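Chemist: Protein chains in written order, with this note's numbering: chain Z, 23 to 115; chain V, 8 to 589.
This is the structure, below, for whatever I ask next.
As structure tokens, then:
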């Protein structure tokens, strides 16, 4: 059984051009694989991790620290999967 | 309701539906659907969005196959945008709860996001707004399908909004259906300004980015008197503007009747009023409004029209069309004054690329370096001058050397014509624009060398105050009422008076009734303005006495701040013409 809880973790945007179209799309695709809610915080701004438009409005530039947060069914796994994107710097699979 | 400020280039106010040019070549035909149709419209929206997703997915597949996964990823991102559940929800809410048409709802939501991203202050991200506009375009194309309307098929009156109107765009527009213009860029000499002036419809330019706030189809107001565009005006604003529109119309009809009345102050001093024109056709407007001639014929449009440089005959024909209807009235032809903005295609090769074109090779400087072009125009002017009272004027003279050079070229051209046995006017009057502070400061030296001065307030203000008024961030610093400008005008008048050199004031200031009394009070007896504004200027003239005008002008000398001068003059104008409209 997968975990059902709230899970959050900080990540840093290492991409040179920040969180632009393609990485944002990867985040959305990853987040949408899970049933839990996914939110991304940048300072006091919070967006829906399953909405591409929302993520674009974050304008997370190179070096920005973001907090990934998931709640509900599979929260832990969702945050793990999303964190991996940042750690691998969104390398194409 | 949102108010955007820009540069007022053509007066009048008009409310109407917006038509956005440029970002897409089709328009949203209706904004709302009936309540009963909401479910059908929702289905229509979902079908269109599904088709868009299908289309992007297909592009993704093709791009990945043919060009590699990296290219496919571009479309993957687009697909994620199109499939964004939030996007779908937001659009559906607008359709369901506000009965917006799906086209209007989609455009609204996407443009709001695009605008937000553009305003993030991140240059790289701001460019991503393009992807959102692209999605909007795709969606609209699917929604509108065959209903897509061609620009040339506009069948109802609209207000045209654009980043910048190009001649080809305006060429396809039916002027009967265009009620006003508003553009993001441009200044007083932009194509939009020229066109609006000639059509006598309200126009505001240089607004800065605002098109992402407008979908097209919504009601907007263009206020060409104050340089404002009001998006989605509320009821009371709309009502106020409707009233203003009616009042302006009534007032204009009344003013037109002034046409035949003499332009004389209440105490009998005659004030000559001339028209500024861009196109030969505008001579009719001058005649209708009782102008005593053309005080400024801007010839730039001759160079903007085609892809080739105008020939001597092109010039000659245009000048004949101006002078023939009014052979007894003066027509002042200003030689080419281009360069502050982008050079037209026909002259691109001769233009220099300057980071600071306003201080670069423009106007008379440009013509003095391109003598072939200059002589062609001067020949045509001299020849056309045999058909009436044509005068020639050099723009942007900044030193005595330039004036003398220009006059020397004129003599050379006369000699050529003489040798060729071509009839021309030898005693043509030669004037210069006083629009660079150096020329104003040395007006006493220039005065004996010319037959007349024409104070070009637009450039004089720009150069004196060091403000590029086409730049929205500093445009508010541009002010006709600045005491420095009034002081320069006084100096020019005093210098001209010593040498009996007539002085005309042209430019925006002479067409604004706020300044009429002050200008007359400073000794100005000739004004040249857009034909549209002549009746109201004449009305002010007829109410004034010279001592009254002199008192007003003297009072402005005690004020240190442009805003105070402006407020004072507005107050005085209200006293002179209580029925004047704001």
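Virtual Cβ for every residue (Gly too), placed ideally from N, Cα, C.
Predicted model, so just to flag it, every value in this text is computed and none were measured.
My output table needs one value for residue 58 of chain V: the three-state DSSP class, helix, strand or coil.
Modeler: Correct three-state label for residue 58 of chain V: helix.
Chemist: Go through the stretch 68-108 of chain Z residue by residue and report every complete run of the alpha helix (DSSP H) that reaches 4 residues or more, in order.
Modeler: Counting only runs of 4 or more, we get 74-78.
Chemist: So residue 39 of chain Z contacts chain V; which residues on that side make the cut at Cβ distance below 7 Å?
Modeler: What residue 39 of chain Z touches in chain V: 131.
Chemist: Would you say residue 63 of chain Z lies against chain V (beta-carbon separation less than 9 Å)?
Modeler: Judged by the 9 Å Cβ criterion, residue 63 of chain Z is not in contact with chain V.
Chemist: Please identify the residue among V/413, V/393, V/522 whose C-alpha is closest to the C-alpha of residue 401 of chain V.
Modeler: Taking only the C-alpha atoms, the option nearest residue 401 of chain V is V/413.
Chemist: Which complete alpha helix (DSSP H) runs does the stretch 429-494 of chain V hold, if anything under 4 residues is left out?
Modeler: Here the runs fully enclosed are 444-448, 450-453, 464-472.
Chemist: Please state if the CB of residue 523 of chain V and the CB of residue 460 of chain V are separated by a distance shorter than 9 Å.
Modeler: In this structure, residue 523 of chain V does not lie closer than 9 Å to residue 460 of chain V by Cβ.
Chemist: Is any heavy atom in the ligand ATP found nearer than 8 Å to the beta carbon of residue 47 of chain Z?
Modeler: Annotation note on the ligand ATP: not contained in the displayed structure, which lists no ligands.
Chemist: Might you give, ordered along the chain, the residues of its own chain that have their beta carbon closer than 6 Å to the beta carbon of residue 139 of chain V, omitting 5 neighbours on each side?
Modeler: Cβ within range, chain order: 117, 120, 121.
Chemist: Would you call the stretch 256-267 of chain V and the stretch 543-551 of chain V touching, i.e. three or more CB-CB distances under 8 Å?
Modeler: Contact between the stretch 256-267 of chain V and the stretch 543-551 of chain V is present, because at least three Cβ pairs lie under 8 Å.
Chemist: Rounded to whole angstroms, what is the Cα-Cα separation between residue 538 of chain V and residue 343 of chain V?
Modeler: Roughly 21 Å separates the two Cα atoms.
Chemist: I'd like to know if the stretch 41-57 of chain Z and the stretch 83-99 of chain V are in contact, where contact means that at least 3 CB-CB pairs between them fall below 8 Å.
Modeler: Taking 8 Å as the limit for Cβ pairs, the verdict is that the stretch 83-99 of chain V does touch the stretch 41-57 of chain Z.
Chemist: Between which residues of its own chain and residue 647 of chain V is the CB-CB distance below 6 Å, once the five residues before and five after are set aside?
Modeler: Because chain V spans 8 through 589 in this model, residue 647 of chain V falls outside it and cannot be assessed.
Chemist: Just curious, the alpha helix (DSSP H) that residue 551 of chain V is in, first and last residue?
Modeler: Here residue 551 of chain V belongs to no alpha helix (DSSP H), and DSSP marks it neither H nor E.
Chemist: What residues in the stretch 67-85 of chain Z have a beta carbon less than 8 Å from any beta carbon of chain V?
Modeler: Answer set for the stretch 67-85 of chain Z: 70, 72, 73, 74, 75, 76, 78, 79, 81, 83.
Chemist: Using a Cβ-Cβ distance under 9 Å, would residue 50 of chain Z count as near chain V?
Modeler: By this cut-off, residue 50 of chain Z is an interface position.
Chemist: Just to confirm the assignment, what range does the beta strand (DSSP E) spanning residue 59 of chain Z have?
Modeler: Element bounds for residue 59 of chain Z: 59-64.
Chemist: Near residue 115 of chain Z, what residues of its chain come up, given a Cβ to Cβ distance below 6 Å and the 5 sequence neighbours on each side ignored?
Modeler: No answer about residue 115 of chain Z holds up, because its pLDDT of 42 lies below 50 and its placement is not dependable.
Chemist: Give me the Cα-Cα distance between residue 28 of chain V and residue 277 of chain V, rounded to the nearest whole angstrom.
Modeler: Spanning the two alpha carbons is a distance of roughly 46 Å.
Chemist: Give me, in chain order, the residues of the same chain whose beta-carbon lies closer than 6 Å to that of residue 31 of chain Z; leave out the 5 immediate sequence neighbours on both sides.
Modeler: Excluding sequence neighbours, residue 31 of chain Z sits near 90, 101, 105.
Chemist: Just the Cα atoms here: how many angstroms apart are residue 154 of chain V and residue 144 of chain V?
Modeler: Only weak support exists for where residue 154 of chain V lies, its pLDDT of 45 falling under 50; the coordinates are left without a value.
Chemist: Using three-state DSSP, classify residue 531 of chain V as helix, strand or coil.
Modeler: Three-state DSSP puts residue 531 of chain V in coil, outside helix and strand.
Chemist: Relative to the alpha-carbon of residue 498 of chain V, which residue among V/415, V/466, V/449, V/232 has its alpha-carbon at the smallest distance?
Modeler: Nearest of V/415, V/466, V/449, V/232 to residue 498 of chain V, Cα basis: V/449.
Chemist: Mind listing the chain Z neighbours of residue 84 of chain V? Cutoff is C-beta to C-beta under 8 Å, in chain order.
Modeler: By Cβ distance, chain Z contributes 43, 44, 46, 47, 74.
Chemist: Name the one or two DSSP bridge partners that residue 305 of chain V has.
Modeler: Beta-bridge pairing links residue 305 of chain V to V/341.
Chemist: Determine the burial state of residue 273 of chain V: buried for a count of at least 16 other Cβ atoms within 10 Å of its Cβ, exposed for fewer.
Modeler: With fewer than 16 other Cβ atoms within 10 Å, it is exposed.
Chemist: From the DSSP output, read off the bridge partner residues of residue 27 of chain Z.
Modeler: DSSP, once it has assigned bridges, lists Z/94 as partnering residue 27 of chain Z.
Chemist: Helix or strand or just coil, what does DSSP make of residue 210 of chain V?
Modeler: Strand.
Chemist: Residue range of the alpha helix (DSSP H) that residue 97 of chain V falls in?
Modeler: 92-105 is the span of the alpha helix (DSSP H), which, as asked, contains residue 97 of chain V.
Chemist: Could you give the distance in angstroms between the alpha-carbon of residue 156 of chain V and the alpha-carbon of residue 391 of chain V?
Modeler: With a pLDDT of only 45 at residue 156 of chain V, under the threshold of 50, the placement of this residue in the model should not be trusted, and no figure is reported.
Chemist: Run through chain Z and tell me which residues come within less than 8 Å of residue 326 of chain V, C-beta to C-beta.
Modeler: Under the 8 Å cutoff, chain Z gives no residues; its nearest Cβ is about 56 Å from residue 326 of chain V.
Chemist: Look at the alpha carbon of residue 581 of chain V and the alpha carbon of residue 230 of chain V, and state the distance between them as a whole number of angstroms.
Modeler: Their backbone Cα atoms lie some 20 Å apart in a straight line.
Chemist: Over what stretch of residues does the alpha helix (DSSP H) that includes residue 282 of chain V continue unbroken?
Modeler: Premise fails: residue 282 of chain V lies in the beta strand (DSSP E), 279-284, not in any alpha helix (DSSP H).
Chemist: Can you tell me whether residue 72 of chain Z is buried or exposed? The criterion is at least 16 other CB atoms within 10 Å of its CB, across all chains shown.
Modeler: Residue 72 of chain Z is buried by the Cβ-count criterion.
Chemist: Cutting at 6 Å between CB atoms, please list the residues of its own chain near residue 482 of chain V, excluding the five before and the five after it.
Modeler: Excluding sequence neighbours, residue 482 of chain V sits near 476.
Chemist: For residue 296 of chain V, does the count of other Cβ atoms within 10 angstroms reach 16, so buried, or fall short, so exposed?
Modeler: By the neighbour-count rule (16 or more Cβ atoms within 10 Å), residue 296 of chain V is buried.
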